[in-house]
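Beneath this line is the structure, given in structure tokens, with notes to follow.
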Amino acid sequence: MTTLSTHVLDTAKGCPAAGVTVRLLHDDRVVFDGVTNQDGRCPELREIALPSGVYQLEFAAAAYFHAQGMKLAEPPFLNVIPIVFGLGNEGHYHVPLLLSPYGYSTYRGS
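Mind the numbering: the sequence shown is residues 51 to 160 in this note's numbering, read in order.
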């Protein structure tokens, strides 16, 4: 089995993004539903043993920025950010998200 973690960083503010709703889906079923902590992480996510396959992480970006008091265009440019990726049987995967109101970046971290 494989484990997964994520880390959300607000690049507009230069700090971790606390309070981002994160969902993990596999085969159209919700495997995890949580919110990032003060460090921009979901520690409970890492505790789930995952079989290999294709997954989707969803990050509620617009809701996060609204909660921060940021005025966004209507509709917001980025509402929910989906990241679709594959997990093998390699132990641990880390999928960070660098987030701003008008762009984002991700990569396979360590």
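Idealized CB from N, CA, C, for every residue including glycine. Source: prediction; values computed, not measured.
The alpha helix (DSSP H) with residue i in it runs from where to where?
i	result
Ala110	Note, Ala110: premise wrong, no alpha helix (DSSP H); beta strand (DSSP E) at Gly103 to Ala110.
Work out the CA separation of residue j and residue i for me, nearest whole Å.
i	j	result
Gly64	Pro101	34 Å
Arg158	Glu94	19 Å
Met120	His142	34 Å
Arg96	Val134	18 Å
His76	Glu124	30 Å
Gly69	Phe82	15 Å
Ser160	Val145	8 Å
Ala62	Ala99	33 Å
Could you tell me whether the Cβ atoms of residue i and residue j are closer together than 9 Å?
i	j	result
Val58	Phe109	yes
Ile131	Tyr152	no
Tyr105	Leu137	yes
Asp60	Gly90	yes
Leu74	Leu122	no
Could you please give the first and the last residue of the uninterrupted beta strand (DSSP E) stretch that includes residue i?
i	result
Gly153	Gly153 to Thr156
Gly136	Val130 to Leu137
Val145	His142 to Ser150
Leu54	Thr53 to Asp60
Thinking residue i and residue j are a contact (beta carbons under 8 Å), I'd like their distance in whole angstroms, please.
i	j	result
Ala117	Asn129	The Cβ separation is near 14 Å, so there is no contact.
Val80	Thr56	Going by Cβ atoms, the distance from Val80 to Thr56 rounds to 15 Å, so no, they are not a contact pair.
Thr52	Glu140	7 Å
Original post:
Which full runs of the beta strand (DSSP E) of 3+ residues lie inside the stretch 77–106, going along the chain?
Top reply: Runs of the beta strand (DSSP E) lying entirely within the stretch 77–106, each at least 3 residues long, are 79–85 in chain order.
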